[in-house]
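Colleague:
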Amino acid sequence: RYKSSLVLSNVYVFPSLKGESMDNVKKLCTYRGQDSIIKIISNKKKILINGNKEYGKTALIKRLFLIFYAMEKYPLFLNVDEINSASEDMINLLIRETYKKSYNNLNVDEVMQMESEKRVCFIDNFDDVNLSDKSQKIFLEYINSQFDIVILTVNNKNSMIDTVKNLVTNEYINKTYYQLEIGKLRSYGKSRIVDKWLLLEDPDQDTKSQKFDAKRKAKLSQMQSVLKNGYFSNTPLEFLLVLSYVDNSE
9 RYKSSLVLSN VYVFPSLKGE SMDNVKKLCT YRGQDSIIKI ISNKKKILIN
59 GNKEYGKTAL IKRLFLIFYA MEKYPLFLNV DEINSASEDM INLLIRETYK
109 KSYNNLNVDE VMQMESEKRV CFIDNFDDVN LSDKSQKIFL EYINSQFDIV
159 ILTVNNKNSM IDTVKNLVTN EYINKTYYQL EIGKLRSYGK SRIVDKWLLL
209 EDPDQDTKSQ KFDAKRKAKL SQMQSVLKNG YFSNTPLEFL LVLSYVDNSE
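Residue numbering for the sequence shown follows the working numbering, starting at 9 and increasing by one per position.
1. Comparing C-alpha positions only, which one of Val176, Ile157, Ala226, Lys70 sits nearest to serine 50?
2. Decide if the stretch 21-34 is in contact with the stretch 186-194; the criterion is three or more beta carbon pairs, one per stretch, under 8 angstroms apart.
3. Ignore the nearest five residues each way along the sequence and tell me which others in valine 19's own chain have a CB closer than 7 angstroms to its CB.
4. Starting from tyrosine 77, follow the alpha helix (DSSP H) in both directions and report where the run begins and ends.
5. List the endpoints of the continuous alpha helix (DSSP H) containing isoleucine 157.
6. Checking 8 angstroms against the spacing of the C-beta atoms, do isoleucine 131 and valine 88 come in under that value?
7. Return the bridge partner residues of glutamine 187 from the DSSP annotation.
8. Quick one: grab the DSSP three-state call for phenylalanine 22.
9. Would the stretch 57-65 count as touching the stretch 234-246 if we require 3 or more Cβ pairs under 8 angstroms?
10. Express the C-alpha separation of lysine 109 and lysine 126 in angstroms, rounding to a whole number.
11. Roughly how many whole angstroms lie between the Cα atoms of leucine 86 and serine 140?
12. Just mark threonine 38 as buried or exposed, buried being the case when its beta carbon has 16 or more other beta carbons within 10 Å.
13. To which residues of the same chain is glycine 41 closer than 7 angstroms at the C-beta, ignoring the five residues directly before and after it?
14. Name, in chain order, the residues that DSSP records as bridge partners for tyrosine 82.
15. State the Cα-Cα distance for the pair glutamate 149 and valine 128, rounded to the nearest angstrom.
16. Express the C-alpha separation of valine 250 and serine 143 in angstroms, rounding to a whole number.
17. For the candidate residues Ile151, Lys54, Asn112, Ile69, whose alpha-carbon lies nearest to that of leucine 102?
18. In the DSSP assignment, the alpha helix (DSSP H) including threonine 106 goes from what residue to what residue?
19. In terms of alpha-carbon separation, which member of Thr161, Asp135, Val254 lies closest to leucine 228?
20. In its own chain, which residues sit with a C-beta less than 7 angstroms from the C-beta of alanine 94, not counting the 5 before and 5 after it?
21. Leaving out five residues on either side along the sequence, give the residues of the same chain with a beta carbon under 6 angstroms from the beta carbon of tyrosine 185.
22. Kindly indicate the opening and closing residues of the beta strand (DSSP E) around leucine 139.
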C-alpha cells in the first residue's frame, strides 16, 4: 500500500500546549501549530514541558530540534542518563562530546565561542536525572548560562513525591522556566492527523472540499468505533496504531 514507507514526520501534528498567556499571567492560553509554539519558545527561552507518558513530548522536541537546526542554530540533545555531575568542567565535557557525536565535521570550539543565541539545549525526561536536589539546580543554572534556549520535559511534574524530593530544584524551575502542559489527543489533533494520513494517498487533494471532508468524517467515524471500547489511550502513538490497523483491514 501507499503508506508502506510511512515515517512519523509524514503525519506529525503539533500537540496543543497550555500555558500562561504572554500578555496576562493570570490567563491560560492554548498554543497550537508550529508558528505559535515556536513564538512562545523564542519569547520565553527557558521552557518546561510537562505531561503524561506517551503524550508526545519526545516527538515534539525531536521536531523542534529539526526546526531550530533549519533556523541555523545548533540544537543539542543531552541524554539524561549521561548527566552525572554538576561540575562545570564535567558539564562542558558532556556538551562537547555530545556535539561531536551529533554532528559531522563540526568545529565544537567555534560553536561554543559563538553567542549563546546560536545554541539550543533539549533534555528529555529531566525528572529521571541522577543528581541530588541541589546539584540539579546547579546543573540547570550552568546549562542556562550556556544555551539561549533550554527545553526540558518531565512526566507529571505535580507529583507529590517529586515536589518533596526536589524542593530546591522545583523552586528554581518555577521561578526560571515557563511551563507548558501537553494534554491528551483531542478532536482537533485527531482531525489534523487524519488529514495528513489521507493526503499520503494524494497530496494534491483539496482539504477544504466536500469530497475530502466526507473522507475525513468517514475515517474519524471508523476510528471512533474502535476507540470507544476503551482499550486505547488518547495518545498520538496509539491513535496512529489504530489508524494503521483500520486502514490495513479495509
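The beta-carbon is built from N, C-alpha and C at its ideal position, and this holds for glycine as well.
The model shown is predicted, which means the values in this text are computed figures rather than measured ones.
Modeller: Once the coordinates are examined:
1. Ile157
2. yes
3. Ile201, Lys204, Trp205, Leu248
4. 65-78
5. Isoleucine 157 -> not in any alpha helix (DSSP H); beta strand (DSSP E) instead, spanning 157-163.
6. yes
7. Leu56
8. coil
9. yes
10. 18 angstroms
11. 18 angstroms
12. exposed
13. Phe22
14. Arg127
15. 15 angstroms
16. 43 angstroms
17. Ile151
18. 96-110
19. Val254
20. Leu139, Ser143, Ile146, Phe147
21. Lys54, Leu56
22. Looking at the DSSP string, leucine 139 is not in any beta strand (DSSP E), and its letter there is neither H nor E.
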